[in-house]
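Residue numbers (my numbering): 20 to 293.
Take a look at the structure:
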């Protein structure tokens with residue numbers, strides 16, 4: 020069901036790859052709620068995905084951009100404002116990549132050049148996007164900027180390695196730039212800390228299936244799906260949340276506040292009987 024929550028609003032959505040992507044789901048929901056927007060991803064990611072299919076469904080224009088490049092972000096904002104006919108009301112940053120994870124490097128054996136790439140793509144790109152938006156005065160007052168993150172920014176998890184450091188940096192940038200943008204333009208900046216989600220990127224992490232099941236058992240409401248994350252993101256883009264900023268918003272079925280669940284207890288009780 021649609022509620023016209025974003026009627027008349029303009030946006031830019033980073034990171035839609037395929038139908039499993041949270042950004043893809045956000046785009047579909049934003050379209051249903053009356054928004055117009057441009058879609059963007061790095062050229063190499065676009066070759067791997069199906070973003071043009073999404074664009075056709077949503078009536079959106081695709082503008083390729085490497086989010087680590089100020090020059091390409093300049094072009095993205097200029098073209099988006101021209102195509103959409105005005106300043107931007109919402110931005111989704113759904114970008115993350117770790118060469119160390121892709122290459123199976125353990126945390127104590129990181130390739131530091133790759134580590135810097137992880138930080139640039141997964142965290143510093145968020146700062147660069149807001150820097151360009153500020154420089155161009157591209158955001159409308161009470162606009163909303165959201166980045167997707169994960170609880171590994173606060174806790175250690177196997178095989179998440181340098182991406183956890185990147186997510187910690189991402190959340191810090193949201194607070195730092197959130198304070199700045201609030202004073203400059205009343206723009207809201209928040210992160211949404213999502214449950215493990217069966218996206219193409221998520222499933223590429225070693226042991227993801229086992230951890231997905233564990234998180235589901237540890238979450239009183241169960242894992243939040245990509246569709247449910249899209250619902251939450253749309254609310255954060257809407258005028259219903261005009262005074263929420265600089266927050267890391269947990270969207271994880273209660274995982275982050277749970278010490279133990281009966282389901283997990285039962286598993287260990289059965290083990291002690293063996």
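Glycine is no exception: its CB is placed at the ideal position from the N, C-alpha and C atoms. Note that this is a predicted model, so its numbers are computed, not measured.
What do you get for residue i, buried or exposed, if any count of 16 or more other CB atoms within 10 angstroms of its CB means buried?
{"i": "residue 137", "result": "buried"}
{"i": "residue 68", "result": "buried"}
{"i": "residue 298", "result": "No answer is possible for residue 298: the residues shown for the chain start at 20 and end at 293."}
{"i": "residue 71", "result": "exposed"}
{"i": "residue 181", "result": "buried"}
{"i": "residue 276", "result": "exposed"}
{"i": "residue 239", "result": "exposed"}
{"i": "residue 56", "result": "buried"}
{"i": "residue 44", "result": "buried"}
{"i": "residue 20", "result": "exposed"}
{"i": "residue 160", "result": "exposed"}
{"i": "residue 36", "result": "buried"}
{"i": "residue 200", "result": "buried"}
{"i": "residue 75", "result": "exposed"}
{"i": "residue 278", "result": "exposed"}
{"i": "residue 247", "result": "buried"}
{"i": "residue 73", "result": "buried"}
Terminal residues of the continuous alpha helix (DSSP H) containing residue i?
{"i": "residue 137", "result": "131-138"}
{"i": "residue 162", "result": "Not the alpha helix (DSSP H): residue 162 falls in the beta strand (DSSP E), residues 158-168."}
{"i": "residue 240", "result": "Per DSSP, residue 240 belongs to no alpha helix (DSSP H) and is neither H nor E."}
{"i": "residue 100", "result": "89-103"}
{"i": "residue 287", "result": "281-292"}
{"i": "residue 76", "result": "70-77"}
{"i": "residue 145", "result": "144-154"}
{"i": "residue 63", "result": "62-67"}
Just reading off the beta strand (DSSP E) that residue i is part of, what are its end residues?
{"i": "residue 24", "result": "First-last for residue 24: undefined, no H or E at that position."}
{"i": "residue 41", "result": "First-last for residue 41: 41-51, but that is the alpha helix (DSSP H), not the beta strand (DSSP E)."}
Would you please state the rounded distance, in angstroms, between the beta carbons of residue i and residue j? I believe it to be under 8 angstroms.
{"i": "residue 114", "j": "residue 34", "result": "5 angstroms"}
{"i": "residue 111", "j": "residue 165", "result": "5 angstroms"}
{"i": "residue 107", "j": "residue 147", "result": "Going by Cβ atoms, the distance from residue 107 to residue 147 rounds to 15 angstroms, so no, they are not a contact pair."}
{"i": "residue 272", "j": "residue 226", "result": "Incorrect: roughly 20 angstroms between the Cβ atoms, too far for contact."}
{"i": "residue 31", "j": "residue 95", "result": "7 angstroms"}
{"i": "residue 163", "j": "residue 194", "result": "15 angstroms between Cβ atoms; not a contact."}
{"i": "residue 211", "j": "residue 251", "result": "6 angstroms"}
{"i": "residue 249", "j": "residue 216", "result": "Going by Cβ atoms, the distance from residue 249 to residue 216 rounds to 11 angstroms, so no, they are not a contact pair."}
{"i": "residue 87", "j": "residue 143", "result": "7 angstroms"}
{"i": "residue 257", "j": "residue 25", "result": "6 angstroms"}
{"i": "residue 183", "j": "residue 265", "result": "In fact, because the Cβ distance is near 21 angstroms, the residues do not count as touching under 8 angstroms."}
{"i": "residue 253", "j": "residue 52", "result": "6 angstroms"}
Quick one: grab the DSSP three-state call for residue i.
{"i": "residue 173", "result": "coil"}
{"i": "residue 36", "result": "coil"}
{"i": "residue 207", "result": "strand"}
{"i": "residue 266", "result": "coil"}
{"i": "residue 197", "result": "helix"}
{"i": "residue 218", "result": "coil"}
{"i": "residue 30", "result": "strand"}
{"i": "residue 108", "result": "strand"}
{"i": "residue 212", "result": "strand"}
{"i": "residue 114", "result": "coil"}
{"i": "residue 253", "result": "helix"}
{"i": "residue 82", "result": "coil"}
{"i": "residue 57", "result": "strand"}
{"i": "residue 181", "result": "helix"}
{"i": "residue 202", "result": "helix"}
{"i": "residue 122", "result": "coil"}
{"i": "residue 273", "result": "coil"}
{"i": "residue 226", "result": "coil"}
{"i": "residue 278", "result": "coil"}
**Message:** Below 8 angstroms, how does it come out for the stretch 57-69 and the stretch 256-266: are there three or more Cβ pairs, yes or no?
**Reply:** Result no; under three Cβ-Cβ pairs closer than 8 angstroms.
Taking three-plus beta-carbon pairs below 8 angstroms as touching, is the stretch 180-189 in contact with the stretch 230-243?
With the cut-off at 8 angstroms, the stretch 180-189 and the stretch 230-243 do not touch.
Could you check whether the stretch 74-81 touches the stretch 123-138, counting it as contact only if at least three pairs of C-beta atoms, one from each stretch, sit closer than 8 angstroms? The stretch 74-81 vs the stretch 123-138: no contact.
Three CB pairs or more closer than 8 angstroms across the stretch 149-159 and the stretch 122-129: Touching, no.
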